[in-house]
DNA sequence: TGGTAACAGTTACATCTGAAACTATCAAGC
DNA sequence: GCTTGATAGTTTCAGATGTAACTGTTACCA
C-alpha cells in the first residue's frame, strides 16, 4: 500500500512482494521445505523420492510414466528417484507383460513400511498447518487453490 | 474423495494430490514458469535475474544484502544474478561510503528501461489470471496467501 | 513383411543451486 | 593500536536439474 521511494517515480509502481507468481513460489518453497525436514531427517529422502514413495503407496502398482503423470515430475527425475528407491530395496520392478518397454513398479514390504511411517507425519503436518491458519483462512486458501488448479488443468478433481 | 485400490487397504488413505505442500509447489511452479516465459523470451533473463531487476526497479538504490532479504533469495544467487545484470550494463555498483564491504547498486538507464518494459507484462499477466479465476476465487486465494505468509512471517505486511 | 514414427525409460552433458570456505572490512573490547 | 568475532560479498565444490540424445520396443500402415 504505502510506497517507498521509487527509482523513477513515474507510474511504475510495481512491487514484487505482491506479485502472485512470486508470492506463490516463495510461500510454496517455504511450506514444502518445512515438511521436507520430516522425510529428510527420518530417511534421507529427497523430494522426488518422497513423491514417488507416496505415489506408489497410494496406487499400489504403477509404471514410471504413470508416476510422472501423477506427480508432474519430469521423467528423468522419476527415473532417478525410482532408481534410488530401488537401490534401497524399497520397490521392485517387473517388466510389463504386455509392453516390454514399461516396468510395473511396486513397493516392497520395506517400502510400504516407510510409507506407513510417513503418512501420520504428513497428516499431522497438514492438521497443524490448518490449525495455525484458522478454519476460515484454510478453507479460503484451499478453495482458491482448487480454482487455480482447475484453471491449469492440474489435479483431477472428481467433479470436472 | 473416492479411493482407488490402495497398496494395502488399511487406513493409509493418504493422497499426494490433496497434500498442501505438494499442491502449493506444483501450482506455484506452473504459474511462475508461465510468467517466466515473458522475461526469458524477451530478455533471456533467469528467475533470479528478473527478481533482482524488479527489486532494484522498485527500490532504487540498495545493496545485495537488501535484495536478498527482500526477495528471500540465497546470497550466492543474488551475487550471481547481480553479476550477470552488471555484465549486461543494466546496473552499476558503487562502494558504500560508510561500509566498504557493501556496494550500493542502482539500475542504469538500460536497466530501468528493461524494468519499465517488463512492468506492463507483469501487470497484464496478473490481471488476466485474476480474470480467469474470477473475482471471488482470486480474492479467496489472496486472502489465504496473506494468512499463510503472515504465519511464516514472510511479506512485510504493513501491519506487523 | 518391412519401414517409419511414437513411446518407456536411461544416460550424457551443460547448467543451476546451496553449503562451506574464503577475502576484505567493520565493530567492540582491551 | 591490536585482537577477536561478525558481516558483505565472491568463489569453490559437490549435488540436483532439464534438454537432448540414445536404446529397445510397440503400433501402424503400405
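Residue numbers (my numbering), protein chains in the order written: chain A, 19 to 178; chain B, 19 to 178.
Note that CB positions come from ideal geometry on N, CA and C, so glycine has one too.
These figures come from a predicted structure and were not determined experimentally.
Using a Cβ distance threshold of 8 Å, residue 99 of chain A and residue 59 of chain A do not count as a contacting pair. In terms of beta-carbon proximity, residue 57 of chain A stays away from the interface with chain B, with every pair separated by 8 Å or more. Nearest CB-CB separation between residue 115 of chain A and chain B: not below the 8 Å threshold. With respect to the 8 Å criterion, residue 109 of chain B and residue 126 of chain B are classified as neighbours on the basis of their beta carbons. For residue 79 of chain A, same chain residues with a beta-carbon under 8 Å away, outside a window of 5 residues either side, are 122, 123, 124 in chain order.
Around residue 73 of chain A, the beta-carbon contacts reaching into chain B at under 8 Å are 34.
When A/150, A/48, A/136, A/162 are compared, the shortest CA-CA separation from residue 34 of chain B is found for A/136.
In terms of CA proximity to residue 119 of chain A, A/81 leads the group A/160, A/46, A/89, A/81. By the Cβ-count criterion, residue 170 of chain B is exposed, with fewer than 16 other Cβ atoms from all chains shown falling within 10 Å of its own Cβ.
The region 90–154 of chain A contains, as complete beta strand (DSSP E) runs of 3+ residues, the segments 109–113, 121–125 (chain order). Cβ neighbours of residue 86 of chain A within its own chain (closer than 6 Å, five residues either side excluded): 93, 96.
Going by DSSP, residue 61 of chain B is part of the alpha helix (DSSP H) stretching over 38–61. If you ignore the 5 residues before and after residue 61 of chain B, its C-beta comes within less than 7 Å of the C-beta of 132, all in its own chain and listed in chain order. For residue 85 of chain B, no pairing in a beta bridge is given by DSSP.
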